[in-house]
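Colleague: Which chain is which? The protein sequence lines are A and B, in order.
When you line the first sequence up against our numbering, it's residues 2 to 136, in that order.
When you line the second sequence up against our numbering, it's residues 2 to 136, in that order.
Protein chains: 2
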Amino acid sequence: MNIGEAATASGVSAKMIRYYESIGLIQPPSRTESGYRVYAGEDIHSLRFVKRARALGFSIEETRELLALWRDKSRASADVKAFALKHIGELETKIAELQGMARTLRHLAHNCHGDDRPDCPILEDLADPAGVKCH
Amino acid sequence: MNIGEAATASGVSAKMIRYYESIGLIQPPSRTESGYRVYAGEDIHSLRFVKRARALGFSIEETRELLALWRDKSRASADVKAFALKHIGELETKIAELQGMARTLRHLAHNCHGDDRPDCPILEDLADPAGVKCH
DNA sequence: ATGGGGCTTCCCATCATGGGAAGGTCAAGG
DNA sequence: CCTTGACCTTCCCATGATGGGAAGCCCCAT
Chain A
2 MNIGEAATAS GVSAKMIRYY ESIGLIQPPS RTESGYRVYA GEDIHSLRFV KRARALGFSI
62 EETRELLALW RDKSRASADV KAFALKHIGE LETKIAELQG MARTLRHLAH NCHGDDRPDC
122 PILEDLADPA GVKCH
Chain B
2 MNIGEAATAS GVSAKMIRYY ESIGLIQPPS RTESGYRVYA GEDIHSLRFV KRARALGFSI
62 EETRELLALW RDKSRASADV KAFALKHIGE LETKIAELQG MARTLRHLAH NCHGDDRPDC
122 PILEDLADPA GVKCH
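(1) Judging by CA-CA distance, which residue of A:24, A:117, A:39 is the nearest neighbour of residue 31 of chain A?
(2) Touching or not, the region 51-63 of chain A and the region 5-13 of chain A, by the rule of three or more beta carbon pairs under 8 Å?
(3) Residues bridged to residue 39 of chain B by DSSP?
(4) Taking 7 Å as the threshold (C-beta atoms), are residue 110 of chain A and residue 82 of chain B in contact?
(5) Within 7 Å (strictly less), CB to CB, does residue 82 of chain B reach chain A?
(6) Would you check if the region 68-80 of chain A and the region 96-110 of chain A touch, i.e. whether three or more CB-CB distances between them fall below 8 Å?
(7) Using the beta-carbon of each residue, which ones in chain A are nearer than 7 Å to residue 70 of chain B?
(8) Taking the alpha carbon of residue 70 of chain B as the reference point, which residue from A:125, A:103, A:71, A:63 has its own alpha carbon closest?
(9) Using three-state DSSP, classify residue 114 of chain A as helix, strand or coil.
(10) From the beta carbon of residue 76 of chain A, is the nearest beta carbon of chain B less than 7 Å away?
(11) Using a Cβ-Cβ distance cut-off of 7 Å, determine whether residue 27 of chain A contacts chain B.
(12) Can you name, in chain order, every residue of its own chain whose Cβ lies under 7 Å from the Cβ of residue 65 of chain B, other than the five neighbours on each side?
(13) Could you name the residues of the region 95-115 of chain B whose beta carbon sits closer than 7 Å to any beta carbon of chain A, in the order they occur along the chain?
(14) When the distance is taken between beta carbons, is residue 92 of chain A closer than 7 Å to residue 2 of chain B?
(15) Reducing DSSP to helix, strand and coil, say where residue 75 of chain A ends up.
(16) Going along chain B, which residues have a C-beta under 7 Å from residue 130 of chain A?
(17) Examine chain B for any beta-carbon lying closer than 7 Å to the beta-carbon of residue 89 of chain A, and answer yes or no.
(18) Please report the distance separating the alpha-carbon of residue 76 of chain A from that of residue 63 of chain A.
(19) In whole angstroms, what separates the C-alpha of residue 197 of chain B from that of residue 19 of chain A?
(20) Note the first and the last residue of the continuous alpha helix (DSSP H) segment covering residue 14 of chain B.
(21) When you compare the CB positions of residue 89 of chain A and residue 106 of chain B, do they come within less than 7 Å of one another, or not?
(22) So residue 58 of chain B contacts chain A; which residues on that side make the cut at Cβ distance below 9 Å?
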């Protein structure tokens, strides 16, 4: 299995497969005599694992830890769960941040009449968030 | 006003002030004979505008457009509002993505007993999201 | 006049990904 | 058998926003 086929089969681009190999996230596959990478079923499995972890928002370093837990057949499920819960907490923090931004902007946009006139509370807020009038 | 004082006054680090200047986001300030940057009230105002826009999640390029709208006294508030609404939409998209991740992870974590045993639905999902059992 | 803190520029690192060049390889069809 | 086009290899560069740090100059207070 070539890198292109592995990319199609795993959903990870060939570029990223090489990158993951270069940083030691995945094992270097075997090579043909001419140097082409050759992937087996197990490699594709790992690549899909990585793909899925990334899709769930884990960083590459976190994915590395998850891979280690996955390969460690004697891990405690409590460790995995704690890892997941920590990540959920980080996701929730980020969500709250974005919601704060969206809420503020919605409020400003709501107060902006949105017509041909130049007066705009959105720009006014950006220029002076505290609403300190400069007389 | 030195760059350090401008940083304190605006909440933008000296490093970033120089960077914003280098990419043409803010006007180069005047300099002392010895080359020190000297900031005036108007500069601080712009820096705070940038800071606020960034805090609301606008990219630097978007901030550049907002600055242009701000300086253009004849802009239509409709343009600003459309800009804000577009950004709100992007924020909401990102929020929905993160919520999807968090929801999935919460579901998986909920089904993980989290004890000393190695069995873990979280890792099982990462390894095989579709739940295709490999016999 | 000296010491310490602030300023200058310049380069490097991050994180994850993609683009592209230069060159080697493989398979299919003439 | 040779050509052609699609694939592979490595290597370098770019992104976006920010920080770290080095080398060297400057300014002010003691």
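All C-beta atoms, glycine included, are put in the ideal place defined by N, C-alpha and C.
Modeller: The answer reads as follows:
(1) Out of A:24, A:117, A:39, A:39 has the C-alpha closest to the C-alpha of residue 31 of chain A.
(2) Taking 8 Å as the limit for Cβ pairs, the verdict is that the region 5-13 of chain A does touch the region 51-63 of chain A.
(3) DSSP lists B:31 as the beta-bridge partner residues of residue 39 of chain B.
(4) Cβ distance < 7 Å, so residue 82 of chain B and residue 110 of chain A count as in contact.
(5) Cβ-Cβ to chain A under 7 Å: yes for residue 82 of chain B.
(6) Note that the region 96-110 of chain A does not touch the region 68-80 of chain A; fewer than 3 beta-carbon pairs, one per stretch, sit closer than 8 Å.
(7) Here the neighbours are 124.
(8) Among A:125, A:103, A:71, A:63, the Cα nearest to that of residue 70 of chain B belongs to A:125.
(9) In this structure, residue 114 of chain A counts as coil in the three-state DSSP scheme.
(10) Closer than 7 Å: yes.
(11) By the rule that beta-carbons nearer than 7 Å mark a contact, residue 27 of chain A does not touch chain B.
(12) The answer, listed in chain order, is 26.
(13) Cβ contacts with chain A come from 95, 96, 99, 100, 102, 103, 105, 106, 107, 109, 110, 113, 114, 115.
(14) No, these two residues do not count as a Cβ contact at 7 Å.
(15) Residue state, collapsed to three classes: coil.
(16) Chain B residues near residue 130 of chain A: 53.
(17) Residue contact check for residue 89 of chain A against chain B: a CB pair falls below 7 Å.
(18) Going by the C-alpha atoms only, they are around 16 Å apart.
(19) There is simply no residue 197 of chain B to check, as chain B begins at 2 and stops at 136 in what is shown.
(20) No alpha helix (DSSP H) contains residue 14 of chain B, which DSSP labels as neither H nor E.
(21) Taking 7 Å as the Cβ cut-off, residue 89 of chain A and residue 106 of chain B qualify as a contacting pair.
(22) Residues of chain A with a Cβ closer than 9 Å to the Cβ of residue 58 of chain B are, in chain order, 98, 99, 102, 103, 106.
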